Amino acid sequence: MKLFIDTANIDEIREINTWGVLSGVTTNPSLIAKNGGIVKDVLNEICELVDGPVSAEVNAECSEGMIKEARELVKIHKNIIIKIPITEEGLKALKILSKEGIKTNLTLIFSESQALLAARAGATYVSPFMGRLDDIGEDGLKLVENIKKIFALHNIETEIIAASVRNVSHVRGAALVGSDITTITYKIFKEMIRHDLTVKGLEKFKEDFNRVYKKEIK
Ligand code: G3P
Numbered sequence: 001m002k003l004f005i006d007t008a009n010i011d012e013i014r015e016i017n018t019w020g021v022l023s024g025v026t027t028n029p030s031l032i033a034k035n036g037g038i039v040k041d042v043l044n045e046i047c048e049l050v051d052g053p054v055s056a057e058v059n060a061e062c063s064e065g066m067i068k069e070a071r072e073l074v075k076i077h078k079n080i081i082i083k084i085p086i087t088e089e090g091l092k093a094l095k096i097l098s099k100e101g102i103k104t105n106l107t108l109i110f111s112e113s114q115a116l117l118a119a120r121a122g123a124t125y126v127s128p129f130m131g132r133l134d135d136i137g138e139d140g141l142k143l144v145e146n147i148k149k150i151f152a153l154h155n156i157e158t159e160i161i162a163a164s165v166r167n168v169s170h171v172r173g174a175a176l177v178g179s180d181i182t183t184i185t186y187k188i189f190k191e192m193i194r195h196d197l198t199v200k201g202l203e204k205f206k207e208d209f210n211r212v213y214k215k216e217i218k
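The numbers in this note's numbering rise by one with no breaks, and the one at position 132 of the sequence shown is 132.
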């Protein structure tokens, strides 16, 4: 499973990118608004930092508007892929854009049927939102597992980006059910690397090393 970062914050992307684990970036209008700056410049900077797909979302509600925005967004950088909400207008736009060879990420996926429609209309990626489903008492991970099963059964090449990830256990779950990608916030990357036993183990190694060898090191 590949790991994307879910943010538009350049400092966060830069820092996690130094770990060598990033295969892409996802943004959305809320993340872009939170970051501020000129959208085109922010997206271009992200693309220059991370060598992989960078999702940029359209804001128009009609398919014509989405198509127009998408054609502009892809001019920013070769790594840009277009994030489109799963609506009737979104599907119409997807059909045209996929024929033009523009890569897409169908977002706000909350059901297996939405994922299947997106895939059949030519989506490169679908993004099921795990956390938001859990928030309403449903099982977000089960949705990722079911989409994976359906795509495998019917030889569908659309890849799954497990999104709206709220904790490390979501990441582990998505990996175990075979999600192709999970998109993770900066905070969760930090939680993934930390383990109390690693911290304790390091302290003990340092203590033992210093006790026996420190005096020998000049
Ligand atoms: O990028 C889309 C998704 O990951 C949003 O997550 O936390 O707003 O539900 P969240």
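Cβ coordinates follow ideal geometry from the N, Cα and C atoms, glycine included. None of the values given here were measured: they were computed from a predicted structure.
Notebook entry, point to check: Just checking, does the stretch 147–157 make contact with the stretch 184–193 on the three C-beta pairs under 8 Å criterion?
Noted result: no
Check: So E112 and N146 are in contact, right, with Cβ under 8 Å, and what is the actual spacing, rounded?
Finding: 5 Å
Next item on the list: For G131, verify whether its CB is less than 8 Å away from any heavy atom of ligand 1.
Entry: yes
Item checked: Residue from I86, L49, L117, F110 with nearest C-alpha to P128 -> F110
Check: For L22, which of G140, S169, F189 has the nearest alpha-carbon?
Finding: F189
Check: Quick one: is the Cβ of A163 within less than 8 Å of any heavy atom of ligand 1?
Finding: yes
Checklist line | Residues near V50 in its chain [Cβ-Cβ closer than 7 Å; skip 5 each side] | finding: I13, N17, L22, G24, V25
Checklist line | Complete runs of the alpha helix (DSSP H) confined to the stretch 93–121 [at least 4 residues] | finding: 112–120
Next item on the list: Measure the CB-CB distance between S55 and I82 and report whether it falls below 9 Å.
Entry: yes
Next item on the list: Return the chain-ordered list of same chain residues with a C-beta closer than 8 Å to the C-beta of P29, the five sequence neighbours on each side being excluded.
Entry: E57, N59
Check: Short check: CB of L3 to CB of I181, under 9 Å?
Finding: yes
Checklist line | CB contact check: A121 to chain C, cutoff 9 Å | finding: The chain labelled as chain C is not found in the depicted structure, where only one protein chain is given.
Margin query: What residue range does the beta strand (DSSP E) around T198 cover?
Written below: From DSSP, T198 is part of no beta strand (DSSP E) but of the alpha helix (DSSP H) over 196–213.
Notebook entry, point to check: Taking 8 Å as the cut-off, is the CB of L31 close to at least one heavy atom of ligand 1?
Noted result: yes
Note to self: Which residue marks the beginning of the alpha helix (DSSP H) containing T11, and which one marks its end?
What the structure shows: The amino acid at residue 11 is misidentified as Thr; the sequence shows Asp. First-last of the alpha helix (DSSP H) with D11: 10–17.
Checklist line | Whole-number beta carbon distance between A115 and A93, since they are thought to touch under 8 Å | finding: Not confirmed; about 17 Å, so no contact.
Note to self: Tell me the DSSP secondary structure of V42 in three-state form.
What the structure shows: helix
Next item on the list: Kindly indicate which three-state DSSP category P53 falls into: helix, strand or coil?
Entry: coil
Next item on the list: Identify whether D180 lies in helix, strand or coil by the three-state DSSP scheme.
Entry: coil
Next item on the list: Report whether the distance from the Cβ of T124 to the nearest heavy atom of ligand 1 is below 8 Å.
Entry: no
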